[in-house]
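Student: I'd like to ask you about the structure that follows.
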Amino acid sequence: MIMRRLSLGACLVTVLALTPFASAVAARVALSLQEQKQDSDSEKPEGGKFEPFKPEATLSTGTVTVDGHAISYQAVAGTFIVHPKDWDDVPRDPNTEKGRSAAAEEGGDAKNPTAEASMFYVAYFKSGGGPRPVTFVYNGGPGSATLWLHMGAFGPRRIVTATDAHTAAAPYSVVNNGSSLLDATDLVFIDAPGAGFSRIAGKDKEKAFYGVDQDAYAFADFIAQFLSKYSRWNSPKYLFGESYGTPRSAVLINQLEADRSIDFNGVILLSQILNFDLSPDRPTGNPGIDLPYQTVLPTYAATAWYHQKLPGEHKSLEALLAEVEQFAMGDYARALAAGSDLSATDRAAIAEKLHQYTGLSVDYILKADLRIDGGEFRQNLQGSDGMTTGRLDTRFSGPDIDPLSQRADYDPQAAALGSAYVSAFNDYARKDLHYGEGKLFKASIPTFRTWNFQHQLPGQPQLPASARQGSNVMPDLANAMKLNPNLKVQLNAGYFDLATPFYQGVYEMHHLPMPASLQNNIEYRFYDSGHMVYAKESSLKLLHENVAAFIRRTSNLGGESPPSKSGK
0 MIMRRLSLGA CLVTVLALTP FASAVAARVA LSLQEQKQDS DSEKPEGGKF EPFKPEATLS
60 TGTVTVDGHA ISYQAVAGTF IVHPKDWDDV PRDPNTEKGR SAAAEEGGDA KNPTAEASMF
120 YVAYFKSGGG PRPVTFVYNG GPGSATLWLH MGAFGPRRIV TATDAHTAAA PYSVVNNGSS
180 LLDATDLVFI DAPGAGFSRI AGKDKEKAFY GVDQDAYAFA DFIAQFLSKY SRWNSPKYLF
240 GESYGTPRSA VLINQLEADR SIDFNGVILL SQILNFDLSP DRPTGNPGID LPYQTVLPTY
300 AATAWYHQKL PGEHKSLEAL LAEVEQFAMG DYARALAAGS DLSATDRAAI AEKLHQYTGL
360 SVDYILKADL RIDGGEFRQN LQGSDGMTTG RLDTRFSGPD IDPLSQRADY DPQAAALGSA
420 YVSAFNDYAR KDLHYGEGKL FKASIPTFRT WNFQHQLPGQ PQLPASARQG SNVMPDLANA
480 MKLNPNLKVQ LNAGYFDLAT PFYQGVYEMH HLPMPASLQN NIEYRFYDSG HMVYAKESSL
540 KLLHENVAAF IRRTSNLGGE SPPSKSGK
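The sequence shown: position 532 = 531 (numbering that gives the first Met the number 0), numbered continuously.
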């Protein structure tokens, strides 16, 4: 890939030589750069107004080769300033309003919160051609930057990592990404408030942005600003979220449609969790709710099969999974529902069946009362070998931290890939995108324990008085599909994902509260990989084919494409 930076003067000159759309991008970036210069030359904001951030934009160009075709593009690395829901963009004179708010006393506008976020993004626009879709891409966490999808899946450059082992230390290999989605859509990679190069400031800033609804509102504000700045209101539009990015997408698409009247063509979900009560991480803390043990069982089976821990022979992984899914929702479900009424004979029979499907000993399964959570499974599957099994991708293994732990103490997959991704993105952002001088890149921020999981469901006049259950945003996605019955959804999932098990996503989709006819708007694609399905190169290629085909079929631009492929 070839990339070069365009200075302010070069931006203005280059506008004359670019295609109409490319020149529009360059002109808008040039204007942003001019505004930055004016801001830096200006005095302190009048009246000491609290303005911790200014929008930024840096323009560069490059090429990427996809399927043998070179694609030229413009890249914009920059920021938008977003505000909490109660912020009003109409300027106010605090001297003429009675009862000035605390925000005004601190330098903000009267009655306006001072909290604001500077949200970092990298946008890639293909040079030339006609109208193009635009896809907004983000990872999850919550609290994760979007370097993973950027450098591992769809950006023009890709970090090369080991398939199921710890990647060797630097120097790392960063190569042309032949699976970049730039052949099908323009791309906007977004860092959540506080993560990556994004920042938050002002009074109660964490409260303003770190929550299910607050986070989605910030992304909706960002998208609306982006559509205006780059004149993309009439483009086909898509959301692509991974992990926590999937519940974000459910809430976000509903906010965009219901509150802002912005319809999207499609929502693409990777490694889905919409109902947090189904998480396999600690269902033991929610006794009486047994469904998580059922929906995770196929992933246990796939993992034990991969590590050759199953006692029996199976002709294929697909056949094994179909058998386990039937057992999980049939005999196993009835046994768990029976609770203490389950007979000793039936308990022993179920334990033996679980042994056949998980590789764990019958004695251990009985001690666990037929209920093994994700951390317990990862600690015990390869415990006799002194190895811990991965969480994000169970194909990965690493030495036990504490062989006597009840649950796994770390995730070998995260440890195996983290350094490569963080190093690659820092190098790429500063050298190729020419962004980040004097700035710290935060791959993740510790928000999960303080995240506000209270969620106002569609149709609720206000937040519930208390959170009596885990967050469940299935109604949000269903409501968005009812408001826009043309909205298409694609679910992508890896068989070896123990953070958001693939069958959990299938179960959630099959139980969306909406007319059965809208189920036809959902398609499913599976891969023999993990949470980050793109960590395996063959799965990345398949993911690209499936997502590109989905976009071409649903963009309303007249382009047809072959049917998507499944990893099954």
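A virtual CB, placed ideally from N, CA and C, is assigned to each residue, including glycine.
Note that this is a predicted model, so its numbers are computed, not measured.
Select from ALA334, ILE222, ASP496, ARG333 the residue whose C-alpha is nearest the C-alpha of LEU255.
Tutor: Locating residue 255 in the sequence shown gives position 256, where the first residue counts as 1. The shortest C-alpha separation from LEU255 is found at ILE222.
Student: Looking at the structure shown, is GLU522 part of a helix, part of a strand, or coil, going by DSSP?
Tutor: Start at 1 with the first residue of the sequence shown, and residue 522 comes out as number 523. Three-state DSSP puts GLU522 in a strand.
Student: Quick one: what does DSSP say VAL159 is sitting in, helix, strand or coil?
Tutor: The residue you call residue 159 lines up with position 160 of the sequence shown. Three-state result, VAL159: coil.
Student: Please classify THR13: is it buried, with 16 or more other beta-carbons within 10 angstroms of its beta-carbon, or exposed?
Tutor: Your numbering for residue 13 matches position 14 in the sequence shown. Summary for THR13: the model assigns pLDDT 37, below 50, so the residue's position carries little reliability; its value from the coordinates is reported in the next sentence. With 16 or more Cβ atoms within 10 Å of its Cβ, THR13 is classed as buried.
Student: Relative to the alpha-carbon of LEU482, which residue among ALA116, GLY240, ASP258 has its alpha-carbon at the smallest distance?
Tutor: Mapped onto the sequence shown, residue 482 falls at position 483. For the residues ALA116, GLY240, ASP258, the minimum Cα distance to LEU482 belongs to ASP258.
Student: Under a Cβ-count criterion, where at least 16 other Cβ atoms within 10 Å of its own Cβ denotes burial, should THR393 be classed as buried or exposed?
Tutor: Here residue 393 corresponds to residue number 394 of the sequence shown, with the count starting at 1. Buried, by the Cβ-count rule.
Student: Quick check on LYS352: does DSSP put it in helix, strand or coil?
Tutor: Looking up residue 352 in the sequence shown gives position 353. Reduced to three states, the DSSP call for LYS352 is helix.
Student: What residue range is occupied by the uninterrupted alpha helix (DSSP H) comprising LYS204?
Tutor: Position 205 of the sequence shown, counted from the start, is the residue given in the question as residue 204. That run of the alpha helix (DSSP H) goes 204-208.
Student: So with Cβ pairs under 7 angstroms, would you call ILE288 a contact of chain D?
Tutor: This model lacks chain D altogether; it includes just one protein chain.
Student: Decide if ARG448 is buried, meaning its Cβ has at least 16 other Cβ atoms within 10 Å, or exposed.
Tutor: Along the sequence shown, read from residue 1 onward, the residue named residue 448 stands at position 449. That one is exposed.
Student: Going by Cα to Cα distance, which pick from LEU268, THR134, ALA367, HIS149 is closest to GLU522?
Tutor: As a first step, residue 522 is located in the sequence shown; it is residue number 523 there, counting from the start. Minimum Cα distance to GLU522 is reached at LEU268.
Student: Would you mind working out which of PHE376, THR245, LEU391 sits nearest TYR494, comparing C-alpha positions?
Tutor: Position 495 of the sequence shown, counting from 1, holds the residue named residue 494. If we check each option's Cα against that of TYR494, LEU391 comes out closest.
Student: Mind checking which residues open and close the alpha helix (DSSP H) that includes LYS481?
Tutor: As a first step, residue 481 is located in the sequence shown; it is residue number 482 there, counting from the start. That run of the alpha helix (DSSP H) goes 473-482.
Student: Between the alpha carbons of GLY154 and THR245, how many angstroms are there, rounded?
Tutor: Sequence index remark: in the sequence shown, residue 154 carries index 155 (1-based). Sequence index remark: in the sequence shown, residue 245 carries index 246 (1-based). Straight-line Cα distance between these residues: approximately 19 angstroms.
Student: PHE79 lies in the alpha helix (DSSP H); which residues open and close that run?
Tutor: What you label residue 79 is simply residue 80 of the sequence shown in a count that begins at 1. Premise fails: PHE79 lies in the beta strand (DSSP E), 68-81, not in any alpha helix (DSSP H).
Student: In whole angstroms, what is the alpha-carbon distance linking SER143 and ALA347?
Tutor: Working through the sequence shown from its first residue, we reach residue 143 at position 144. Working through the sequence shown from its first residue, we reach residue 347 at position 348. Straight-line Cα distance between these residues: approximately 43 angstroms.
Student: Is the beta carbon of VAL472 sitting closer than 7 angstroms to the one on ALA442?
Tutor: Taking the sequence shown and counting its residues from 1, the one referred to as residue 472 is at position 473. Taking the sequence shown and counting its residues from 1, the one referred to as residue 442 is at position 443. Not in contact: VAL472 and ALA442 (Cβ atoms no closer than 7 angstroms).
Student: Can you name, in chain order, every residue of its own chain whose Cβ lies under 6 angstroms from the Cβ of ILE261, other than the five neighbours on each side?
Tutor: One-based indexing of the sequence shown puts residue 261 at position 262. LEU255, listed in sequence order.
Student: Just mark GLU55 as buried or exposed, buried being the case when its beta carbon has 16 or more other beta carbons within 10 Å.
Tutor: Here the question's residue 55 lines up with position 56 in the sequence shown. That one is buried.
Student: With a threshold of 7 angstroms on Cβ separation, who are the neighbours of ALA479 within its own chain once the five nearest residues in sequence on each side are excluded?
Tutor: Here residue 479 corresponds to residue number 480 of the sequence shown, with the count starting at 1. Once the five neighbours on either side are set aside, the close Cβ partners of ALA479 are ILE252, ASN253, GLU256, LEU486.
Student: Which residues bound the alpha helix (DSSP H) around TYR305?
Tutor: Looking up residue 305 in the sequence shown gives position 306. Unbroken alpha helix (DSSP H) run through TYR305: 290-305.
Student: With distances taken between CB atoms, is the gap from ALA423 to ILE189 smaller than 7 angstroms?
Tutor: The count along the sequence shown starts at 1 and reaches residue 423 at position 424. The count along the sequence shown starts at 1 and reaches residue 189 at position 190. Against a cut-off of 7 angstroms, the Cβ pair of ILE189 and ALA423 comes out as no contact.
Student: What are the boundary residues of the alpha helix (DSSP H) that includes GLN254?
Tutor: Position 255 of the sequence shown, counted from the start, is the residue given in the question as residue 254. Taken as a continuous stretch (DSSP letters only), the alpha helix (DSSP H) holding GLN254 covers 244-259.
Student: Does PHE585 come out as helix, strand or coil in the three-state DSSP assignment?
Tutor: Nothing can be reported for residue 585: it is not among the residues displayed for the chain, which extend from 0 to 567.
Student: Report yes if the C-beta distance between THR160 and ALA419 is below 7 angstroms; otherwise report no.
Tutor: Position 161 of the sequence shown, counting from 1, holds the residue named residue 160. Position 420 of the sequence shown, counting from 1, holds the residue named residue 419. A distance below 7 angstroms separates the beta carbons of THR160 and ALA419.
Student: Looking at the strands, I want to know which residues DSSP matches up with ASN264.
Tutor: Counted from its first residue, the sequence shown places residue 264 at position 265. ASN264 is not bridged by DSSP to any residue.
Student: Would you call SER360 buried or exposed, if buried means 16 or more other Cβ atoms sit within 10 Å of its Cβ?
Tutor: Sequence index remark: in the sequence shown, residue 360 carries index 361 (1-based). Classification of SER360: exposed, given that the 10 Å Cβ count is below 16.
Student: Please list the terminal residues of the continuous alpha helix (DSSP H) segment that includes ARG649.
Tutor: Lying outside 0 to 567, the shown extent of the chain, residue 649 is not represented and no answer is given.
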